[in-house]
Amino acid sequence: MKLVDKGDVLTVVDVKELGANNSDAFRDEVKAALPNGFKTVEIDLSQTNFIDSCGLGALIAIQKFATSHSGSVAVRLLYPMPPIQQLFELTRLHRIFEIVPRTHE
Amino acid sequence: MSEPRAKSSACAQFRYALPCELAEVPSARRAVRRFLTEQGLHEEELAACELALAEACNNAIQNVREGGNLHPVEIAVLCTDSKVEICVNDRTPGFEWPDQVDLPDMNSERGRGLFFIQSFMDTAQYYRGKNENSLVMRKMRCHQEHRQASAAASVGEMQARLEETQDALSDMARELCFRTESLSAIFRCSSGMGRGKNLPELAQQLLNDLLHITSADWFVLRHVRETEQHLAAFAASDGLDVSRPLSLASASIEVQAALARRDLSFGPNCPLSKTDPLGATGQRAVGVVRPILAGGDLAGTLAIGRSVSSEPFTAAQAKVIQTFADFLGIQLVNARLCEEQISTKLLAHELDIARNIQRSLLPRSLPQLRHFGVAGYCESANQVGGDFYDVLQLSDNSLLLVVADVMGKGVPAALFAAILHSLVRALPEWTQRPAEMLARLNWHMYEELSSVDMFVTAQIALINAKKSQITVASAGHCPVLVAQPNIPGVKRIAPEGMPLGILPTTQFIEEVHEIRAPCRVLLHTDGLTEAPDVTASARAQQWLERWVKESLSRERTAQQLRDELADELRKAQSAMPLKDDQTFLIVAENQLDDAGTG
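Okay, here's the thing in structure tokens:
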């Protein structure tokens, strides 16, 4: 995983998997970078082929932190693959996340 | 982590031991995914199984019970044409699987694992066990492309599968045969036991069967008793000299296995030391020593091996050896308990006999003099000893008082007391002098007593009322106590003399003292003043003497005094249980004309 500073936007790229083994580190790293004046966080899920319930938990934690502690930082999830998109829909989390679908690539 | 192994057939299995760490979960997931991909699962099914497996593993690791993380999380995957079954064993405290798994609040960061398992798998069952729980998840296979592939399998492949199945079947048949032989050997042994055959003989027979079943050619069965510090041979195959017991401090492999309480193997890679008693089985010997435990205690060891072939035992043969050793362990302990029960019963019976003999020696009534009354008391300790007393009337004016204590307990002591009793009764025909009587008793009994390393202490007192004299001779016995108003304190009459049975001929000394009414004379055994240490014993002696002296101030018959002293002794016993017999004869002046009985 890499964090890319694009001025107002913090982009998280190169996320291969988000599981119980790495989701805590992922969450903490992104949360630590948020207070640096970003208006938007974009998490690029185009390379992500696996997310489990802990991975989803980390995304929710980032979303909660962005809206409550760092003022009004928007969180955007980019281009999830179909199985991952299916997870968001199944858990109805697509309602709280702004998801940019792959067709918009 | 154990190596994943796969078997390719219509029903394929895969096992994976996942170390109990979250960082290891991705490797497990990928390994299972690879296996299921080989089985032709569709991508959608693969993703579902992978996610469900990850959730199950996360639960097993995140909630593991203390100490449970030392064990791997066992994953078993079974794949058939129609379904995939994934079983994950966890060592968590477990939980009740809800009938319906609902989604948590949208903002909750946790609580979606079960929901995923239930959503992506067709069934999920959670079995709770004492130490381990099992989650079994099944997914039906809907995408059937793989079936066509399987139908197209070549004849060659079918042939290979058939051979594999035949191999498996013959393995199973061999194992079945093995188990049947083991069971029948154990049944034969059990039925022999029922017919009352002795254990060494049965163990020999059972272990000969074991040699046959495991293709071994020698064995040594040793046992150890709680109180012993060595392993003694119980049974061994012919031609092995194992008669010398092994000290538990020795370095032999049998002792090492016994102390470590685990199986120790030996063979070409791990040879026996040159001095090991099992070294006689040959340079190329292979084998194993198994400690035999019963209820956690070491009962012995079983060593079994091959001296001709150097092929080690197979896992199945090792299992049979373990079973036989465990079975023998139970039998050894049972036999030992049986032996103990019998010896306890025998001992109780022996004590009954001794008690009866001792009781029969005590006179039912005691002769009395006109001026002096006499009463006797004898209380046996739990372990019957050889105390006895007797009173013989020699004339109208004289009484012979005898108190003796045969060293030792049980039947032998009681028998010597009986012999002594008969001899004492015959003595007055020979002599009426206490010292001569003791010398004669010693002369009669020396040979028998010394041959069994026993001895007798005795005291003979002759009271002559006409002469107002008491004549005392003692064979290593405690002093006669005499109290009279005209003498201060208590007189201890203890003429020198060896106990009976120490020297073949012994001279005894007599002491003659005056006694006049009122007076108290006490002959007793050392059981009256027995105490745990010398100081306490001296205190008990002082107490006894004080009691004798003070009794002078009370007008009492000998019988009343006997009862009073017996009461005092019983009171003292309530603080400390009786270890030795207590016997005494007490003489007091007659207050009344009628003479009492003893």
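Protein sequence lines, in the order shown, are assigned to chains A and B. Mapped onto our numbering, the consecutive letters of the first sequence carry residue numbers 949 to 1053. Mapped onto our numbering, the consecutive letters of the second sequence carry residue numbers 76 to 673. Using N, Cα and C, we set each Cβ at its ideal position, and we do this for glycine too.
What did DSSP end up calling B:Ala-81 once you bin it into helix, strand or coil? Here B:Ala-81 scores only 42 on pLDDT, less than 50, and its place in the model is too uncertain to base an answer on.
B:Arg-676 and B:Val-555: beta carbons closer than 8 Å? With chain B represented from 76 up to 673, any question about residue 676 of chain B goes unanswered, as that position is not in the structure.
DSSP three-state label for B:Arg-365, please. strand
Look at the alpha carbon of B:Ala-335 and the alpha carbon of B:Phe-463, and state the distance between them as a whole number of angstroms. Straight-line Cα distance between these residues: approximately 55 Å.
Helix, strand or coil at B:Glu-130 [DSSP, three-state]: helix
Using the beta-carbon of each residue, which ones in chain A are nearer than 8 Å to B:Asn-182? Ile-1008, Lys-1012, Ile-1044
Flag B:Leu-347 as yes if its beta-carbon sits less than 8 Å from any beta-carbon of chain A, otherwise no. no
Report yes or no: do the stretch 119-130 of chain B and the stretch 168-180 of chain B share at least 3 C-beta pairs separated by less than 8 Å? no
Can you pull the chain B neighbours of A:Val-1039, defined as C-beta to C-beta under 8 Å? Sequence check: residue 1039 of chain A is Thr here, not Val. Going along chain B in sequence order, the residues near A:Thr-1039 (Cβ under 8 Å) are Leu-178, Arg-187, Phe-190.
In chain order, what residues of the same chain lie with their CB nearer than 7 Å to the CB of B:Leu-368, ignoring the 5 residues before and after it? Arg-336, Ala-374, Gly-404
Determine the extent of the alpha helix (DSSP H) in which B:Leu-524 is found, giving its start and end residues. 509-526
Chain B contact for A:Asp-1000 (CB, 8 Å cutoff): yes
Per-residue DSSP class, three states only, for B:Asp-372: strand
Excluding the 5 residues preceding and the 5 following A:Asp-953 in the sequence, name in chain order all residues of the same chain whose CB lies nearer than 6 Å to its CB. Closer than 6 Å at the Cβ level, and outside the excluded window around A:Asp-953, lies no residue.
Three-state secondary structure assigned by DSSP to B:Phe-491: Looking at B:Phe-491 - three-state DSSP - the assignment turns out to be helix.
Per-residue burial, B:Gln-534 [other beta carbons within 10 Å of its own, 16 or more giving buried]: buried
What residue ranges within the stretch 299-359 of chain B form continuous alpha helix (DSSP H) runs of no fewer than 4 residues, ordered along the chain? 328-335
Of the residues B:Val-107, B:Ala-129, B:Glu-232, B:Glu-238, the one placed nearest B:Val-152, counting alpha carbons only: Across the set B:Val-107, B:Ala-129, B:Glu-232, B:Glu-238, the C-alpha of B:Val-107 shows the shortest separation from the C-alpha of B:Val-152.
Anything in chain A within Cβ reach of B:Glu-130, meaning under 7 Å, just list it in chain order. Asp-1000, Ser-1001
Whose C-beta lies closer than 7 Å to the C-beta of A:Ile-1032 among residues of the same chain, with five residues either side of it excluded? Leu-993, Thr-996, Ile-999
Could you give the residue range of the alpha helix (DSSP H) that holds A:Arg-1002? A small correction: the amino acid at residue 1002 of chain A is Cys; Arg does not occupy that position in the sequence shown. First-last of the alpha helix (DSSP H) with A:Cys-1002: 1001-1016.
Please classify B:His-599: is it buried, with 16 or more other beta-carbons within 10 angstroms of its beta-carbon, or exposed? buried
Leaving out five residues on either side along the sequence, give the residues of the same chain with a beta carbon under 7 Å from the beta carbon of B:Gln-331. The answer, listed in chain order, is Leu-339.
B:Glu-149 to B:Val-395 span [Cα, whole Å]: 27 Å
Between A:Asn-984 and chain B, is there a C-beta pair that is closer than 8 Å? no
Scan the stretch 951-970 of chain A for residues whose Cβ lies nearer than 7 Å to a Cβ of chain B and list them as they occur along the chain. So the close ones are Glu-965, Gly-967, Ala-968, Asn-969.
Just the Cα atoms here: how many angstroms apart are B:Ala-670 and B:Glu-303? In this predicted model, B:Ala-670 has a pLDDT of only 42, less than 50, meaning its place in the structure is not dependable enough to derive any value.
Tell me the start and end of each unbroken alpha helix (DSSP H) in the stretch 234-266 of chain B that is at least 4 residues and wholly inside, in chain order. none
In terms of residue numbering, what span does the beta strand (DSSP E) encompassing B:Asp-165 cover? 158-165
Label B:Thr-546 either buried or exposed according to how many other C-beta atoms from any shown protein chain fall within 10 Å of its C-beta, with 16 as the threshold for buried. The C-beta of B:Thr-546 has 16 or more other C-beta atoms within 10 Å across all chains shown, which makes the residue buried.
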